[in-house]
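Residue numbers (our numbering), protein chains in the order written: chain A, 3 to 405; chain B, 17 to 400. We put the CB at the ideal spot given by N, CA and C, even for glycine. To start, the structure under review is shown below, and the notes come after it.
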């Protein structure tokens, strides 16, 4: 059973992986498919916001259509996946650990309890006097919502005035979210240093690193827009080992035990500092840059592992590869994209996918959570990959009108 | 690999990872009085990779070649052994499998003869029978091959294509002559087959002559192959899950538990056997059982009109039938379905499922929608 939120970027990748592995799939989404009545064994609607109700429903469903494994595709379904697996008796992360991986405050608390290197933090409320709070905060700091993803609502503040402005902005962002987002938010210490992302898979708490990505663009704020991921990492092997060790320690602190993790770490002067550990794999279309063994995709590995945790997973292919998440430069309506062919002709560029559609209303960070698209490159070295991605981006032109 | 391979940068160190600590672990890429260690490792891995169908070894060898590109470009002398590796990689690289007991006089003489000829780029494996091979890695080279007429038997293969087996010492000698002259590998009047993996799960085999001229037929499962000799042969191979025959191409899908290196040659042999048999690729009965394109078109249109479109209209979507060629159906999504993040779910679990249930004989169902051009998708992807 694939838990596929309707707004995920990853439907195609997971369905293709299941098809290549010849695995029968039931797709569960939070909104009904228009064709659900035609194929009730393969299309299910679950309320992901109520994990226990979702679990009860799947238990009933599985009496007629047995489920061997449950794969959560994005952040918003990891708790539901854990609840379903617990109800079905399948090996998976516990509900508590999945909840901790979704709740940034709980995550920070567990990191602190387990002495995992992570930023200092304070839980604040939108209902308190933010001017008074601003006087007590250490700067620079990062204002961060508890439950959003893709750096949405994450804002750096260097002084009290910026802090108040950041909180005002976060409050406005939270007003437009579905459901009832918490009124609390985090204020974190800003950690200087380059950022890396680690992709791994846990088996009984033991981390297998699938890829370590360097992020060549400094993420110093005021917003934290992801752009380029490069693999293999150019960091020294002993530092890479320390990063992996810190990530595993962080996953253990949360209680995560099985399945994919995606961790973000900063490399401070004192060593790796965990920013987040998510109980999911890399988001967007970024997984396309990863190939394993004879060409298996990350999604194939995740499904294989969900079905059989003892399966031997192949290594990542060693060729340098990279992705650029094309940032939204301005708010407005996407009218035209120019330079697609020119960008694709850059040596090393393997794929260019524009995921925003013409006519779409675009919202940049920190209010938005989307990208214009994704550029993928492969070359002999990470430097060449980065060069190709930047040159291709330079050749692209997005006409956005402010209406 | 464990001790010398550079996991980060690729290539091979000169010293092992358990060597006493040194200031640096260097990689030897230039030839000196002896060939460079990197090139020698690459050559060994290339041979082993081809012999065992081990892609990890082949990839490691390719890493060394890539790493040494600059050396080969600038200094043919310094990169001589690397050039030898490159030559081996580019081929032709005949893979010679001999079925014969090495203690047998005829086999021993034949091997002696082969080893005294200048044929540097050949891969050689010899055993009395596949049962004698203890290594599971080597067994793949012997799959589908046997000693014929109780005499030493030679198979020469390359890129998934095997020539007809050669029986006896004299015939083998003639084969060695042809290999040395470079005239053996698939002579002009022979069928050539090239294999091009499309994904890990599917591979396209292009044959030098049409096997199902100007037509295509999809065998979606083993049961549908009954009576069609080529598909029957292919489905006998472990792991084959789907076969599409189209003019001079075969697109074959496999399950994840087998590698193309394991089954590729057997697929090639099955294609070759089929062509030699002169039998049709798709049996008359299968063709007769298959509804006409017009019947399929009517059936699919009916499903779209009565089941699919009334439902997807709820999301402002529409699905159109574009064409039917033989039993391949081409559809296009529009409105809310075009560019929708859930379009794949709609296609695979709604549209395909309904069409296959209602219209027998449908082969592939291909979505020809330009989803990137969708202006009003129902679900737009967001968040990481």
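I'd like the span of the beta strand (DSSP E) that includes residue 327 (chain A), first residue to last. 322 to 328
Which partner residues of residue 167 (chain B) appear in the DSSP bridge assignment? Partner(s): B:164.
How many angstroms separate the CA atom of residue 287 (chain A) from the CA atom of residue 171 (chain B)? Rounded to whole angstroms, residue 287 (chain A) to residue 171 (chain B) spans 45 Å at the Cα level.
Hey, would you say residue 219 (chain A) sits closer than 7 Å to residue 229 (chain A), going by beta carbons? yes
Closer than 7 Å to chain A by CB, residue 352 (chain B): no
By how many angstroms is the C-alpha of residue 19 (chain A) removed from the C-alpha of residue 145 (chain B)? Cα-Cα distance, rounded: 38 Å.
Cα-Cα, which of A:79, A:88, A:337, A:119 is closest to residue 105 (chain A)? A:79
Under 7 Å by beta carbon: chain B residues contacting residue 96 (chain A): By Cβ distance, chain B contributes nothing, its closest Cβ being about 23 Å from residue 96 (chain A), past 7 Å.
Thinking just about the alpha-carbon of each residue, which of A:82, A:108, A:50 is nearest to the one in residue 180 (chain A)? A:50
Which residue or residues does DSSP assign as beta-bridge partners of residue 217 (chain A)? DSSP lists no partner for residue 217 (chain A).
Residues of chain B with a CB under 8 Å from the CB of residue 319 (chain A): which are they? 75
So, using beta-carbon positions, are residue 94 (chain B) and residue 47 (chain B) closer together than 7 Å? yes
Just the chain A side, please: which residues come within less than 9 Å of residue 31 (chain B) by C-beta, in chain order? Contact note: residue 31 (chain B) does not reach chain A at a C-beta cutoff of 9 Å; the least C-beta distance is about 15 Å.
Taking the CB atoms as reference points, tell me whether residue 264 (chain A) and residue 188 (chain A) lie closer together than 7 Å. no
Assigned secondary structure, residue 266 (chain A) (DSSP; H/G/I helix, E/B strand, else coil): strand
Would you call the segment 236 to 249 of chain A in contact with the segment 333 to 346 of chain A, where contact means no fewer than 3 C-beta pairs closer than 8 Å? no
Give the DSSP-derived three-state secondary structure of residue 346 (chain B) in the structure shown. DSSP places residue 346 (chain B) in strand when its eight states are reduced to three.
What is the DSSP secondary structure of residue 262 (chain B), reduced to helix, strand or coil? Of the three classes helix, strand and coil, the one that applies to residue 262 (chain B) here is strand, per DSSP.
Here's the rule I'm using: 16 or more other beta-carbon atoms within 10 Å means buried, otherwise exposed. How should residue 362 (chain B) be labelled? It counts as buried.
With DSSP run on the structure shown, which of helix, strand or coil describes residue 21 (chain B)? strand
List the residues of chain A whose Cβ lies closer than 7 Å to the Cβ of residue 372 (chain B), in chain order. Result: empty, since nearest Cβ-Cβ is about 11 Å, beyond 7 Å.
List the residues that DSSP assigns as beta-bridge partners of residue 113 (chain B). B:141, B:171
Cβ-Cβ distance between residue 13 (chain A) and residue 23 (chain A) below 7 Å: Contact annotation: residue 13 (chain A) and residue 23 (chain A) have beta-carbon atoms that are not nearer than 7 Å.
Helix, strand or coil: which one does DSSP assign to residue 182 (chain A)? coil
C-beta neighbour in chain B for residue 64 (chain A), strict 7 Å: Between residue 64 (chain A) and chain B, the shortest Cβ-Cβ separation is not below 7 Å.
Assign residue 42 (chain A) to buried or exposed, taking buried as 16 or more other Cβ atoms, counted over all protein chains shown, within 10 Å of its Cβ. exposed
Per DSSP, the bridge partner or partners of residue 124 (chain A): A:189
Between residue 382 (chain A) and chain B, is the shortest Cβ-Cβ distance under 7 Å, so that the two count as touching? yes
Around the Cβ of residue 339 (chain B), are there at least 16 other Cβ atoms within 10 angstroms (buried) or fewer (exposed)? exposed
Along the chain, where does the beta strand (DSSP E) that runs through residue 199 (chain A) open and close? 197 to 205
Please list the segments of the alpha helix (DSSP H) lying wholly inside the segment 298 to 359 of chain B, counting only runs of 4 or more residues, in order along the chain. Annotation note: the segment 298 to 359 of chain B contains the following uninterrupted alpha helix (DSSP H) runs of length 4 or greater, listed N- to C-terminal: 300 to 305, 309 to 319, 325 to 328.
When DSSP labels each residue in this structure, what does residue 44 (chain B) get in the three-state scheme? coil
So, for residue 159 (chain B): in the same chain, excluding its five sequence neighbours on each side, which residues have a beta-carbon less than 6 Å away from its beta-carbon? Contacts found: 282.
Tell me whether the beta-carbon of residue 169 (chain B) lies closer than 7 Å to the beta-carbon of residue 183 (chain B). yes
Output needed in chain order: residues of the segment 329 to 351 of chain B with a Cβ under 9 Å from some Cβ in chain A. Hits within the stretch, in order: 329, 330, 331, 333.
Output, in sequence order along the chain, the residues in the segment 334 to 368 of chain A whose CB is closer than 7 Å to any CB in chain B. 356, 357, 359, 360, 361, 362
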